[in-house]
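Working notes for the structure below.
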Amino acid sequence: MNKRPVLLVEDDKVDAMRARRAFSELGKAAELEVVSDGVEALAYLSDPEKTLPRMVLLDLDLPRMNGLEVLRALREEGDWKSLPVIIMTTSRSRQECEESFSLCAAGYMIKPIGYNRFVEIIKTIDSYWELSELPR
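The sequence shown begins at 11 in this note's numbering and counts up by one.
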């Protein structure tokens with residue numbers, strides 16, 4: 011079982027709250043770390059006091075540094091190249107989806123409106139990455 015945290019990069023307070031509740035329902039509330047923009051995400055990942063997350067749930071529409079810019083930065087940094095990043099966005103843009111995968115996103119999920127569906131998506135993502143062997 012992997013106890014590394016999950017990093018959620020989300021500026022929408024309601025979506026961040028839904029994610030916290032979903033992780034709480036999974037009994038993993040303590041494993042979720044939340045930052046509100048791309049600059050904070052990179053600062054979190056650069057902090058030697060923080061544990062490298064087992065995955066990043068990344069919104070695309072972020073202030074200061076958008077999600078694609080964050081993903082690009084992650085893929086340029088040696089320690090972060092293999093970090094699983096799942097895009098969780100409201101954007102249905104084919105271009106953003108294709109660019110995300112070209113930058114080695116592990117998935118591209120459209121955020122559902124309903125809470126129950128949101129929890130199902132979080133559970134599925136968590137289950138998959140819980141079972142997956144991750145690089146150190």
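Just so you know, even glycine gets a beta-carbon here, dropped at the ideal spot from N, CA and C. All of these numbers come straight from a predicted model, not from anything done at the bench.
Between valine 16 and glutamate 50, the CB-CB gap reaches or exceeds 9 Å. With a 10 Å radius around the Cβ and a threshold of 16 neighbouring Cβ atoms, proline 58 comes out exposed. Here leucine 141 is exposed. Its C-beta has fewer than 16 other C-beta atoms within 10 Å. In terms of Cβ geometry, lysine 91 and leucine 84 form a close pair [threshold 9 Å].
Selection Asn76, Asp69, Tyr138 evaluated against methionine 119 yields Asp69 as nearest (Cα-Cα).
9 Å or more divides the Cβ of alanine 29 from the Cβ of leucine 55. Judged by DSSP secondary structure, glycine 77 falls outside any beta strand (DSSP E) and instead within the alpha helix (DSSP H) spanning 77-86.
DSSP, reduced to helix, strand and coil, places glutamate 143 outside both helices and strands of the structure shown, so it counts as coil.
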